[in-house]
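These notes are about the structure you will find just below.
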Amino acid sequence: MIKDKATPGDHIDRSGEAPAQHATLWTNAAQCRDCNRCVRVCPVKAIRKEGGQARICP
Numbered sequence: 028m029i030k031d032k033a034t035p036g037d038h039i040d041r042s043g044e045a046p047a048q049h050a051t052l053w054t055n056a057a058q059c060r061d062c063n064r065c066v067r068v069c070p071v072k073a074i075r076k077e078g079g080q081a082r083i084c085p
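Reading the sequence shown from the start, the letters are residues 28 to 85 in this note's numbering.
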């Protein structure tokens, strides 16, 4: 089930099982809707917006 709003503890897993480990983060500029959702829900505030696109800060 895909929820409308993500919370910091949420994991996206279509099989219904919890993932064994966290996936590496990545962004897809073609799917970015400039909604800032990723920035708001990142628990460690490691996502910034640059030039209208999300960027993951190391």
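Backbone N, C-alpha and C define an ideal beta-carbon position, used for all residues, glycine too.
These figures come from a predicted structure and were not determined experimentally.
Item: For A81, which residues does DSSP report across the bridge?; Value: K76
Item: Over the uninterrupted alpha helix (DSSP H) stretch that includes R64, give me the two end residues.; Value: 64-68
Item: Using a threshold of 8 Å, state whether the C-beta atoms of T54 and A81 are closer than that.; Value: yes
Item: Tell me, to the nearest whole angstrom, how far the beta carbon of N63 is from that of K76; I am working on the premise that it is less than 8 Å.; Value: 7 Å
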